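In our numbering, the protein residues as written are 290 to 664.
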């Protein structure tokens, strides 16, 4: 019997770390531990489902140089799938692709496991299974590499079923962008190769979305931003024969974005009372964003930030976003989060005004210096 049931997951971002809070159970950064716990849960559920194949659509790791701890956690999970006799295909995403290819990739080591197939060098590969061809396009650092990969797709006669796996933003109907400069903009594969694919497994966008009848983002296994508050986390189970897709939701730390509270004309105690009312519905252990709008200068100067924190005893972390009452209102966030240098540099380049120098060239040159500095 050929490949019929497939588990599609992506964006596990192992090694992600934030907020500086420590897990009392392991001594690790608590958010880093959250991602490991969800990965372990995901692996356990997949093994219990006993699929014929597992496909990971990119961003297994959060950085190109994951820590030894992140590598160990990934290897343990992949080894369990390999030991269960379930083949696995992994492609690299933009977060884990080195900016300089000569740096090497951790994916070279992952492929040492029996039945594990890794595609990570910015090139298209076709992997043949029993009754199924996998067409894999990992993250490509250059647009020319992506164009070449797309042109290289080979639909083999008699392959049975064809599944494409890719990592990037699908922009044909609406934008599924994560706002990252180095994200890959995918073409409309359904137009380039009409009726060629039985399923297209996408990674990169952290929300479970059916882009088209046979094209899906499975979403992430954990949330990396408050922008993803309200999105469930999990993976997809696909029945190739019938075309059914089943979503398996995973437990993830809750995120809550409180609707903006207008502070115009309010006394400080009235602001605190309104905030306290919102805090009552916050679930235990949640990451919370408190939005205070139209804040007057006198209100801000007298505001007790510690008291605001104390109004959320159930929260794991409180991010305070304060916008001022002015025509050109600016937002003040006492709690800021910075991503890796590469990601922040990409966002900086993307925000620059129009200029003569090509953005992609500038990003590539700057990234090379950042990579050398990290060494």
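Yeah, the Cβ is synthetic: ideal placement off N, Cα and C, and Gly gets one too.
It should be emphasised that the depicted structure is a prediction, and the values quoted were computed from it without experimental measurement.
Item	Value
Is the segment 298-309 touching the segment 503-510, taking contact as three or more C-beta pairs under 8 Å?	yes
Run through DSSP, which three-state label would residue 455 get?	strand
So, is residue 357 buried or exposed, given that buried needs 16 or more other C-beta atoms within 10 angstroms?	exposed
Does DSSP put residue 669 in a helix, a strand or coil?	No information on residue 669 is available, as it lies outside the stretch 290 to 664 that the chain covers here.
Taking residue 610 as part of the beta strand (DSSP E), name the residues at either end of that continuous run.	606-613
Compare the C-alpha of residue 343 against each of 614, 525, 595 and 581 and name the closest.	525
Do residue 420 and residue 519 come within 8 Å of each other at the CB atom, strictly closer than that value?	no
Three or more beta-carbon pairs under 8 Å between the segment 453-461 and the segment 482-499, yes or no?	yes
Measuring straight from C-alpha to C-alpha, what distance separates residue 293 and residue 446?	19 Å
Could you work out which residue in 578, 594 and 487 is closest to residue 610 when comparing CA atoms only?	578
DSSP three-state label for residue 492, please.	strand
Check this for me: beta carbons of residue 381 and residue 313, under 8 Å apart or not?	no
Using a threshold of 8 Å, state whether the C-beta atoms of residue 350 and residue 376 are closer than that.	no
Could you give the DSSP three-state label for residue 538: helix, strand or coil?	strand
Could you check what DSSP says for residue 450 in three-state terms: helix, strand or coil?	strand
Buried or exposed for residue 604, please, with buried defined as at least 16 other CB atoms from any protein chain shown within 10 angstroms of its CB.	buried
Write down every uninterrupted run of the beta strand (DSSP E) in the segment 375-411 whose length is 3 residues or greater and which is fully enclosed by it, in chain order.	377-380 and 405-408
Give every residue of the same chain whose Cβ lies closer than 8 Å to the Cβ of residue 472, excluding the five residues on either side of it in the sequence, and list them in chain order.	383, 457, 458, 466 and 493
For residue 452 and residue 477, which I take to be in contact (beta-carbon distance under 8 Å), what is that distance rounded to the nearest angstrom?	About 17 Å separates the two Cβ atoms, so there is no contact after all.
Tell me the rounded alpha-carbon separation between residue 434 and residue 441.	10 Å
Only counting the same chain, and skipping five residues up and downstream in sequence, which positions put a Cβ closer than 7 Å to that of residue 485?	444 and 451
Alpha carbon to alpha carbon, what distance is there between residue 557 and residue 592?	7 Å
Using a 10 Å radius around the Cβ and a threshold of 16 neighbouring Cβ atoms, would you call residue 616 buried or exposed?	With a pLDDT of 47 at residue 616, under the threshold of 50, the modelled position of that residue is not reliable, and the figure given next carries that caveat. Counting Cβ neighbours within 10 Å, residue 616 comes out exposed, since fewer than 16 surround it.
Can you list, in chain order, the residues of its chain with a C-beta nearer than 6 Å to that of residue 538? Leave out the 5 residues immediately preceding and following it.	521 and 523
Whose C-alpha, out of 416, 430, 567 and 449, is nearest the C-alpha of residue 546?	567
Using a 10 Å radius around the Cβ and a threshold of 16 neighbouring Cβ atoms, would you call residue 432 buried or exposed?	exposed
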